[in-house]
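Residue numbers (the working numbering): 184 to 579.
For every residue, glycine included, the Cβ atom is placed at its ideal position computed from N, Cα and C.
Let me begin by presenting the structure, written as structure tokens, before commenting on it.
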Amino acid sequence: MIKKFLDLGKQPLANKYLTKNDIIKKKREDFYHLEIGLNTKNKLVSILNTISSKKMFDNKYPYRASMSKTMQKSFKDLSLKIKKKFKPNFLMEIGSNDGSFIKNFEKKKVFGVEPCKNVAKITQKMGYKTFANYWDMSLAKKIKSKNKKIDLIYSANTLSHIKDLNSVFRSICHVISKDGILIIEDPSLLECFKKISYDQFYNEHIYVFSLLAIKNFIKKYNLEVFNVEKLNTHGGSLRYYIKRTTNNRFKINRKVKIQLNQEKIFGLNSFSAYLKFKKNVEKSRKKLKEILINLNKNNKKIIGYGSTAKASTVLTYCSINNKIIKYFLDTTPSKVGKYMPGSHIYVKRYTKPMTNESDYVFLGAWNFKKEIFKKERRFIKRGGKFITHVPKPRII
Ligand code: TMP
Numbered sequence: 184m185i186k187k188f189l190d191l192g193k194q195p196l197a198n199k200y201l202t203k204n205d206i207i208k209k210k211r212e213d214f215y216h217l218e219i220g221l222n223t224k225n226k227l228v229s230i231l232n233t234i235s236s237k238k239m240f241d242n243k244y245p246y247r248a249s250m251s252k253t254m255q256k257s258f259k260d261l262s263l264k265i266k267k268k269f270k271p272n273f274l275m276e277i278g279s280n281d282g283s284f285i286k287n288f289e290k291k292k293v294f295g296v297e298p299c300k301n302v303a304k305i306t307q308k309m310g311y312k313t314f315a316n317y318w319d320m321s322l323a324k325k326i327k328s329k330n331k332k333i334d335l336i337y338s339a340n341t342l343s344h345i346k347d348l349n350s351v352f353r354s355i356c357h358v359i360s361k362d363g364i365l366i367i368e369d370p371s372l373l374e375c376f377k378k379i380s381y382d383q384f385y386n387e388h389i390y391v392f393s394l395l396a397i398k399n400f401i402k403k404y405n406l407e408v409f410n411v412e413k414l415n416t417h418g419g420s421l422r423y424y425i426k427r428t429t430n431n432r433f434k435i436n437r438k439v440k441i442q443l444n445q446e447k448i449f450g451l452n453s454f455s456a457y458l459k460f461k462k463n464v465e466k467s468r469k470k471l472k473e474i475l476i477n478l479n480k481n482n483k484k485i486i487g488y489g490s491t492a493k494a495s496t497v498l499t500y501c502s503i504n505n506k507i508i509k510y511f512l513d514t515t516p517s518k519v520g521k522y523m524p525g526s527h528i529y530v531k532r533y534t535k536p537m538t539n540e541s542d543y544v545f546l547g548a549w550n551f552k553k554e555i556f557k558k559e560r561r562f563i564k565r566g567g568k569f570i571t572h573v574p575k576p577r578i579i
């Protein structure tokens, strides 16, 4: 049974940026009702109304992993670890985006799967074999017929975007070798609840996983988690190392039990923790609105930094528009010059560290706070203030 615990209202598709022409012509945006529920049996948390993959991941998809040094470093560190520990002869990435992970491997040893054709083109041009397809059984069959055995599959921030998780794991089991390893990483439900980062939920993030849910879900595919790592990326993620239950090469690391205990102690097993999260989210909205509206009333200029899907979700939920936040700064070329979905806030090109662009800056990319604060130390030194809603709405 799926029990609803949170309602974030009507939301636009979080990565559907509008052009100037769309704004002039008052183009109708697609909205959907963002509600979140818990599967009480396997503890999987998901959004309740999903959008088709074809609509979300098309040939205009704007997200590029390489825009963040943090992500680049995370991928590089992991690839070194993989080479040292697992020594795969041949590996594959599901959701290879612009190649930030696969570029750390020799071209003949790796290939990518990336359904957004505009993004897949980037790695194809770099010379990496990339299937511009959605991950499903028909692709798995095609890959198996063409390739040697796959020792390792990696997928970051992708499996949680695919509605049919049964098809995901069935297809993985179809291609991975008997003693192959699957490494997946996605935002952690425990961190999301602790940080009250409700903006982890939006149309692309169909699931926010916990170890509890992953463990329960993969059992039927004779898969098990043998190690888990906490990551700072994307606001607090978990990296799961998964193997077949018949593979005795790796022992179950004690970190698995520790993480499971932490999730249970927090209450992810019981519905009351979910209702508490809902209350926290509603408080967070009230406080953030108060901060932004008061600053605006006092004629303080507010801009945004990092035009993320998360920011779109928060601003739509809190009914904050371009009258309150004048524009967003962002480095991603495919977002620059466009307007954020829902709030219609303009995205301006970020060219250099800020000096006195604004009195206050709303941190859309709060998950890169460390990297951004380092870059913007001059702005901070001169008295510039940031506003964040994580873990609590406040001015920094
Ligand atoms: P993400 O949170 O979905 O990974 O998106 C991060 C967004 O923030 C992406 O559009 C790039 C932008 N960004 C900046 O503009 N400047 C920065 O310094 C960082 C770290 C990110």
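Please go through the same chain and pick out, in chain order, the residues whose beta-carbon is closer than 6 Å to the beta-carbon of residue i, but skip the five residues on each side of it.
i, result
"Gln383", "Pro370, Cys375, Val391"
"Lys568", "Tyr543, Ile578"
"Gly419", "Ser371, Glu374"
"Tyr424", "Ile366, Phe409, Asn410"
"Phe562", "Met537"
"Tyr522", "Leu201, Ile206, Tyr529"
"Gly278", "Ser338, Thr341"
By Cβ distance below 8 Å, which residues in the same chain neighbour residue i in space, the five residues on each side in sequence not counted?
i, result
"Asn386", "Gln194, Leu196, Ala197, Tyr215, Leu217, Ile230, Thr233, Ile234, Met239"
"Lys402", "none"
"Ser343", "Asp369, Pro370, His388, Ile389, Tyr390, Val391, Phe392"
"Ser541", "Lys484, Ile485, Ile486, Lys509, Gly567"
"Leu443", "Leu394, Leu395, Lys398"
"Lys292", "Pro271, Asn272, Phe273, Leu274"
Give me the DSSP bridge partner(s) of residue i.
i, result
"Lys531", "Leu512"
"Glu412", "Arg422"
"Ile570", "Phe545, Ile578"
"Thr313", "Gly295"
"Asn349", "Paired residue(s): none; Asn349 is not in a bridge."
"Ile364", "Leu335"
"Val519", "Val519 pairs with nothing; no bridge assigned."
"Val391", "Val228"
Please list the terminal residues of the continuous beta strand (DSSP E) segment that includes residue i.
i, result
"Glu276", "274-277"
"Tyr488", "485-488"
"Gln194", "185-195"
"Glu218", "214-222"
"Ile563", "Per DSSP, Ile563 belongs to no beta strand (DSSP E); it is in the alpha helix (DSSP H), 560-564."
Pop quiz: residue i and residue j are said to be a contact at Cβ under 8 Å. What is the actual Cβ separation, rounded to whole angstroms?
i, j, result
"Ala248", "Asn280", "5 Å"
"Leu189", "Tyr381", "7 Å"
"Ile336", "Ile359", "6 Å"
"Leu421", "Lys413", "6 Å"
"Ala456", "Lys226", "Not really, about 11 Å apart at Cβ, beyond 8 Å."
"Ile486", "Leu512", "7 Å"
"Phe269", "Ile364", "6 Å"
"Tyr317", "Ile285", "Rounded, the Cβ-Cβ distance is 18 Å, inconsistent with contact."
"Cys501", "Lys472", "5 Å"
"Glu554", "Ser251", "7 Å"
Tell me which residues share the same chain as residue i and place their Cβ nearer than 7 Å to its Cβ, disregarding the 5 neighbours each side in the sequence.
i, result
"Gln445", "Leu373"
"Asp362", "Asn430, Arg432"
"Ile474", "Ile570, Pro576, Ile578"
"Ala303", "Glu297, Thr313, Ala315"
"Lys243", "Asn301"
"Pro271", "Ile265, Asp334, Leu335"
"Lys210", "Leu201"
"His417", "Asn340, Pro370, Asn550"
With burial defined as no fewer than 16 other Cβ atoms inside 10 Å of the residue's Cβ, what is the status of residue i: buried or exposed?
i, result
"Arg427", "buried"
"Met184", "exposed"
"Ser490", "buried"
"Pro524", "buried"
"Ile441", "exposed"
"Asp260", "exposed"
"Pro245", "buried"
"Leu478", "buried"
"Gly295", "buried"
"Arg565", "exposed"
"Lys407", "The sequence shown places Glu at residue 407, rather than the Lys named in the question. Looking at its Cβ environment, which holds 16 or more other Cβ atoms inside 10 Å, Glu407 is buried."
"Phe454", "exposed"
"Arg437", "exposed"
"Gly520", "exposed"
"Arg532", "exposed"
"Ser257", "buried"
"Leu458", "exposed"
"Glu289", "exposed"
Quick check: is any heavy atom of the ligand MG less than 7 Å from the C-beta of residue i?
i, result
"Lys493", "Absence of the ligand MG is noted for the structure shown, with the ligand TMP being the only ligands found."
How would you write the range of the alpha helix (DSSP H) that residue i sits in, first residue to last?
i, result
"Ala494", "492-500"
"Phe258", "252-268"
"Asp205", "203-207"
"Pro227", "Here residue 227 is Leu; the residue named in the question, Pro, does not match the sequence. Element bounds for Leu227: n/a, residue is neither H nor E."
"Lys377", "372-378"
"Lys447", "437-449"
"Val464", "454-480"
"Ala323", "320-329"
"Phe651", "The first residue shown for the chain is 184 and the last is 579, placing residue 651 beyond what the model contains."
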